[in-house]
Every structure is written in structure tokens, then in C-alpha cells.
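Those protein sequence lines, which keep their order, are chains A and B.
Straight run, no breaks: the first sequence in the numbering used here ends on number 416.
Straight run, no breaks: the second sequence in the numbering used here ends on number 279.
The C-beta atom is built at its ideal place from N, Cα and C for all residues, glycine as well.
The structure displayed is predicted, hence computed values, not measured ones.
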Amino acid sequence: MRLMRGNARPWFYGAIFLMALSLIVSLGLPALAADTLDEVKARGKLIAGVKADFPPFGFIDEKGQNTGFDIDIAREFARYLFGDPNKVELVAVTSANRIPNLVGRKIDIILASMTILPERAEVIDFSDPYFYSGHLLMVRKGSPIKSYQDLAGKKVITLQGSTGDKYIKELVPTAERITFTKNSECLLALKDGRGVAFVQDDVLLLNMVKNEPTLEVVGFPPFKPAPYGLGVRKGNPKFLAWVNDALKKMKKEGSYDKLYTKWFGEVAGKLAKP
Amino acid sequence: MGYKLNFSVIWKNLPLLLKGAWLTVEVSTGAILVAILVGIVMGVAKTSRHQFLRFPAAWYVEAFRNTPLLIQIFLIYFGLPQIGLKLSPFMSGFAALVLYTGAYNTEVVRAGLEAIPKGQIEAARSLGFTEIQTIRYVIVPQAFRISLPALSNNFIALLKNSSLVSVIGMVELTFIGNDLTAWTFRAFEVYGAVTVLYLALVFSLSWILAIIERRIRLLI
Numbered sequence: 143m144r145l146m147r148g149n150a151r152p153w154f155y156g157a158i159f160l161m162a163l164s165l166i167v168s169l170g171l172p173a174l175a176a177d178t179l180d181e182v183k184a185r186g187k188l189i190a191g192v193k194a195d196f197p198p199f200g201f202i203d204e205k206g207q208n209t210g211f212d213i214d215i216a217r218e219f220a221r222y223l224f225g226d227p228n229k230v231e232l233v234a235v236t237s238a239n240r241i242p243n244l245v246g247r248k249i250d251i252i253l254a255s256m257t258i259l260p261e262r263a264e265v266i267d268f269s270d271p272y273f274y275s276g277h278l279l280m281v282r283k284g285s286p287i288k289s290y291q292d293l294a295g296k297k298v299i300t301l302q303g304s305t306g307d308k309y310i311k312e313l314v315p316t317a318e319r320i321t322f323t324k325n326s327e328c329l330l331a332l333k334d335g336r337g338v339a340f341v342q343d344d345v346l347l348l349n350m351v352k353n354e355p356t357l358e359v360v361g362f363p364p365f366k367p368a369p370y371g372l373g374v375r376k377g378n379p380k381f382l383a384w385v386n387d388a389l390k391k392m393k394k395e396g397s398y399d400k401l402y403t404k405w406f407g408e409v410a411g412k413l414a415k416p
Numbered sequence: 060m061g062y063k064l065n066f067s068v069i070w071k072n073l074p075l076l077l078k079g080a081w082l083t084v085e086v087s088t089g090a091i092l093v094a095i096l097v098g099i100v101m102g103v104a105k106t107s108r109h110q111f112l113r114f115p116a117a118w119y120v121e122a123f124r125n126t127p128l129l130i131q132i133f134l135i136y137f138g139l140p141q142i143g144l145k146l147s148p149f150m151s152g153f154a155a156l157v158l159y160t161g162a163y164n165t166e167v168v169r170a171g172l173e174a175i176p177k178g179q180i181e182a183a184r185s186l187g188f189t190e191i192q193t194i195r196y197v198i199v200p201q202a203f204r205i206s207l208p209a210l211s212n213n214f215i216a217l218l219k220n221s222s223l224v225s226v227i228g229m230v231e232l233t234f235i236g237n238d239l240t241a242w243t244f245r246a247f248e249v250y251g252a253v254t255v256l257y258l259a260l261v262f263s264l265s266w267i268l269a270i271i272e273r274r275i276r277l278l279i
């Protein structure tokens, strides 16, 4: 026992020392000057952060492959960059960890159904808008909940780091939010009756509900509509300009419209309008 | 472009972090106490002469020690409702921590009981101790003393493992950390603060356990 007591102190100081050291190291990191565009070209492939549980933007198909609107855009970018749509590495991200992934240099670009928000724009740079989305509510069929105003004092299921979570916190402060890190978990929690509604982006809910005979989507027209953008690290003007040019090129060449119809054709009429 | 540290996000959200830490303390303390009971009951059952006690205890240990805690948490929270048992996030996390750590405790208690030489029990019986007296005065004090350091390890592991229950929406320390990171994007500052808070919690727990170990050493 004496031994343990005698040793506790050096450990404690050791821990403090390590933390101080890591602080100093992180402060002293040299500024990395290369623009992401040069890095990507030198590497020979684009590393894109995409969703794996957000149909139709990014999800895993029956064959276990990443697929979706965002993934098709990533492949189109790779085609523009290297003439080969397969020169792209897809990294699965969540709403909560996509910006840390980008800032932490794990990925070159966020292609993950991300809403353009001022607080996010302080940390990363957004491309021009490439999609427009508002929020709806998914409920069990026959639920008395018809809009977000009905959620006062109720248990509401949200996704961590999503705009749905943010707006419920702001618009319905009396609601008790039950928060998960994956859309699939939110869906399961709603089916299990852990909350009265699951608040998320219109396009996701409208796609998810197609396979859910016991659930329905309410709350039209979608509330708090806002544009989606792609995200790049701050201080990479060349890469940001390239991304915006690539989006424009896709729209001009018609590949954007083709992808839009491919992925949103069925639900396009119900989505938020700019 | 360098990343500038900004710790104001920690000070601003300190009450939230402390609230999360408190829930971590609550669920861990509760789970530690119940896991002791589970360990004792199952540990005794596992050293029993009777197969109908020994086998269920052995199966329990194998089932919960050989599967990931994360899967147990998902199974209890998302799986059980589909067969009719719906537990709250707190109860689900609590149950998973108790069952998982209880399995480890079982082995510790069993080892403690088996470490007592047969000769001591025979000696006690020849001195005229009844079976109950032998257990009370010879077996329990020694087994407890032998088991305590290993139990302490399990308790510290439990406290740290409690971070996993954040995945089922339990708003404990790790959950708050993830949430703050998601909205402030200051991963280094937030997880740094969370680390310091866990460190403080684990140090406090080890300190308390060390005091208990010392007391018990004086007592028996």
C-alpha cells in the first residue's frame, strides 16, 4: 500500500507533463503550405469523406459498396482530376465527426450531405450550394404529431451533430432529445417507441420511409430549409475554386441533372424548394 | 494555416461537462456495487460441488466475458425491445456494465476462494468450527483480501468502459464530449478536457479503493 501511495504522485506529474508537451507540440506544428489540390494531384487520388447511412446521398448497397449521390459526385471529380472515376478513396464519416476528419487532414473533402451553416463556415470553407433541403418528422403511423410545434415536452429522436438536432434544441427547448450517432440507430429507436418522432433532413426521411410500412413522414412543408455544400479545409483557395468549377461543369454538361434524377427522381416533388 | 487552440469552449461548457461526468459517476458507482454482488453469487456458484450451480455460472462467465461490451449494450438496448423488454438508456447501460464486469468479478472471487489451502479448512473443522464458522472466520476474510486488488482493477475498467454507453444516447461524459466536438469542431480541446475529467475520476476511484484495501488489511 505504501508503494502505491509513493508512486501515485510521479504518475500524476507525468500525466501533466505529457499533456503540456502535447500542447506545445500542437502549437508549434509548422504551417503546411501546400494547397489540397496540389496534394491530391501528387497523391494520384482524391480522399472523400462520405456518409454510409444517409440514403440517397451516401449509403452501403446490397453488395457492400458505398453508393449514392455524393459518391457519384466524388467519382465525377476523380474523372475530372485523373480521367478515372475510380481514383477516389471513400472514407465513411458521420455528421458528428466529418468536420474533425477534414480539419484533422484525414480527408480532402466532405461530400456528406452537409448543410451550410455559419458556425461550420468558421472552421471550414464551403463550396457553392449543390442541394437544398429542409427538415421533416418521421413518426409511427397514426401518430398525433403533425409538425415540429407538436413536439413540446415530448421525447424526440435526433442524430448527433445534425441540423435537426440543432433546430429542435433551438425551436423546441422543452423537447427531450434522444440522440444517436447513426441514422440507422435513430430509425430503430423510433420503431422501438423511444421517442415520438425522428427529426432529420427531408430527403433522407422520404427515402427511408419507402421501406418502412409502419412509419410515415409528416411536417410539410419542410422547416428550416437550407442549402448543402461540400467542405474543404480553410486556406486552400485553389482547391475550393477547383471544386466550384467542377460543380459548374457538372451542371453545364448535364451530369448533375442526370444524377439528381437518378437519386431523387421519386421524391423530388416533396423536397424543400430554394 | 495553423490550428489555433481555443479553450474558451471548455470554460463555456464546463457545467455541461461536469453534468456528464456526474452521470458517469452515478452509473459507474451503481454498477460497481451490483457487480460485486453478481461476482460473489456467481463466484460461489462456480466453486460449488453441485453441477446445477456450477454450470450456469460457468456459462454466464463465458457468455459475457467472451463478447464485446459494445455488442452487449446494443443487444440490450436495441435487441431486447423486439422480444418485449424495453429498458431506458440508463438501465440498459447499467445492466450491460453490471453483467460484463460481473463476469470478470466472478472469476476473481472464484480465484480468491480457491486460493485458500484445503489444510486451513480441515484445520478449522478439526478445531471444532462448524461449517458456517469456517466460512465466516476462515474463508471469507482471506478470500476477500486476496480478491480485492483484482476487483479494484475491474472497477477501474468499469469506470472507463462506461464511456461506451454514450452510443445509446446516454448523456454521460463521453456523449457530451462527442456532442461538443460535433458543434464546436474543437476535437483537441474537448477530448483533452474529457480526458482530464476521466483521469480525475479514475484517480479518485483508485484512491478510495486504496483506502479500503488498507482498512481491510488492518481489520483482518
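Going by C-alpha to C-alpha distance, which of the options sits closest to residue i?
{"i": "B:Ser206", "options": "B:Asn65, B:Val103, B:Leu146, B:Arg184", "result": "B:Val103"}
{"i": "A:Asp334", "options": "A:Ile299, A:Ser255, A:Ser275", "result": "A:Ile299"}
{"i": "B:Tyr136", "options": "A:Ile202, A:Phe322, A:Val314", "result": "A:Phe322"}
{"i": "A:Glu354", "options": "A:Arg282, A:Tyr272, A:Ile202, A:Thr316", "result": "A:Arg282"}
{"i": "A:Leu301", "options": "A:Lys390, A:Met256, A:Trp153", "result": "A:Met256"}
{"i": "A:Glu181", "options": "A:Ile249, A:Phe273, A:Glu395", "result": "A:Ile249"}
{"i": "B:Ile215", "options": "B:Leu129, B:Tyr163, B:Leu239", "result": "B:Tyr163"}
{"i": "A:Glu231", "options": "A:Ile215, A:Val245, A:Ser237, A:Asn239", "result": "A:Ile215"}
{"i": "A:Ala220", "options": "A:Phe196, A:Gly246, A:Leu179", "result": "A:Leu179"}
{"i": "B:Ser225", "options": "B:Ile69, B:Leu77, B:Leu82, B:Trp70", "result": "B:Leu82"}
{"i": "B:Ser147", "options": "A:Ala331, A:Asp344, A:Pro367", "result": "A:Ala331"}
{"i": "A:Pro197", "options": "A:Asp399, A:Trp384, A:Lys352", "result": "A:Lys352"}
{"i": "B:Ile95", "options": "B:His109, B:Leu156, B:Pro74, B:Leu232", "result": "B:Leu156"}
{"i": "A:Glu395", "options": "A:Val192, A:Asp226, A:Glu218, A:Ile189", "result": "A:Glu218"}
{"i": "A:Lys187", "options": "A:Ile310, A:Ala157, A:Val233", "result": "A:Val233"}
{"i": "B:Ile271", "options": "B:Arg204, B:Ser87, B:Asn72", "result": "B:Arg204"}
Would you report the Cα separation of residue i and residue j, rounded to the nearest angstrom?
{"i": "B:Leu92", "j": "B:Leu112", "result": "23 Å"}
{"i": "B:Pro208", "j": "B:Val199", "result": "15 Å"}
{"i": "A:Pro363", "j": "A:Tyr402", "result": "20 Å"}
{"i": "A:Ile320", "j": "B:Phe149", "result": "12 Å"}
{"i": "B:Ala174", "j": "B:Ser107", "result": "15 Å"}
{"i": "A:Ala173", "j": "B:Lys63", "result": "Because the pLDDT at A:Ala173 is just 49, under 50, the model does not fix this residue reliably, and the point stays unresolved."}
{"i": "B:Gly251", "j": "A:Phe224", "result": "40 Å"}
{"i": "B:Met229", "j": "B:Leu218", "result": "15 Å"}
{"i": "A:Ile202", "j": "A:Met350", "result": "13 Å"}
{"i": "A:Val360", "j": "B:Val253", "result": "38 Å"}
{"i": "A:Leu389", "j": "A:Tyr272", "result": "8 Å"}
{"i": "A:Ile266", "j": "A:Leu382", "result": "11 Å"}
{"i": "A:Phe406", "j": "A:Tyr370", "result": "15 Å"}
Can you pull the chain A neighbours of residue i, defined as C-beta to C-beta under 7 Å?
{"i": "B:Val226", "result": "Thr323"}
{"i": "B:Pro140", "result": "Asp334"}
{"i": "B:Asn213", "result": "Result: empty, since nearest Cβ-Cβ is about 17 Å, beyond 7 Å."}
Which residues in chain B sit within 7 Å of residue i, going by Cβ to Cβ distance?
{"i": "A:Leu411", "result": "Note on identity: in this sequence residue 411 of chain A is Gly, with Leu being the wrong assignment. Within 7 Å Cβ-Cβ: nothing; A:Gly411 doesn't reach chain B, min ~32 Å."}
{"i": "A:Ile320", "result": "Gly228"}
Where does residue i sit, in a helix, a strand or coil, going by DSSP?
{"i": "A:Lys205", "result": "coil"}
{"i": "B:Trp70", "result": "helix"}
{"i": "A:Tyr274", "result": "strand"}
{"i": "A:Arg240", "result": "helix"}
{"i": "B:Ile205", "result": "helix"}
{"i": "A:Gly371", "result": "coil"}
{"i": "A:Asp334", "result": "coil"}
{"i": "B:Thr193", "result": "helix"}
{"i": "A:Lys376", "result": "coil"}
{"i": "A:Phe399", "result": "One detail in the question is off: residue 399 of chain A reads as Asp in this sequence, not Phe. A:Asp399 falls in the helix class under three-state DSSP."}
{"i": "A:Phe268", "result": "strand"}
{"i": "A:Lys412", "result": "helix"}
{"i": "B:Ile142", "result": "helix"}
{"i": "B:Phe188", "result": "coil"}
{"i": "B:Phe262", "result": "helix"}
{"i": "A:Pro152", "result": "helix"}
Which residues of chain A have a Cβ atom closer than 9 Å to the Cβ of residue i, listed in chain order?
{"i": "B:Lys78", "result": "Correct list: empty, because the minimum Cβ distance to chain A is about 15 Å."}
{"i": "B:Glu240", "result": "According to the sequence shown, residue 240 of chain B is Thr rather than Glu. Those within 9 Å of B:Thr240 in chain A are Ala238, Asn239, Ile241, Pro242, Gly303."}
{"i": "B:Lys145", "result": "Asp334, Gly335, Arg336"}
{"i": "B:Pro200", "result": "Chain A residues near B:Pro200: none, gap ~17 Å exceeds 9 Å."}
What does residue i pair with, by DSSP beta-bridge criteria?
{"i": "A:Met280", "result": "A:Phe340, A:Val359"}
{"i": "A:Phe159", "result": "Paired residues: none, contrary to the question."}
{"i": "A:Val233", "result": "A:Gly191"}
{"i": "A:Lys297", "result": "A:Glu318"}
{"i": "A:Thr257", "result": "A:Tyr370"}
{"i": "A:Ile252", "result": "A:Gly191, A:Gly373"}
{"i": "A:Gly200", "result": "A:Phe196"}
Along chain B, in chain order, which residues have C-beta atoms closer than 9 Å to that of residue i?
{"i": "A:Ser255", "result": "Going along chain B, no residue has its Cβ under 9 Å from A:Ser255, so there is no contact; the nearest lies around 15 Å."}
{"i": "A:Val265", "result": "Thr243, Phe244, Arg245"}
Cβ closer than 8 Å: which chain B residues qualify as neighbours of residue i?
{"i": "A:Gly246", "result": "Ala246"}
{"i": "A:Ala157", "result": "Leu258"}
{"i": "A:Leu330", "result": "Phe137"}
Legend entry - Interfacial residues, the segment 278-304 of chain A to chain C, with Cβ spacing under 7 Å: The question asks about chain C, but that chain is absent: this structure's protein chains are A and B.
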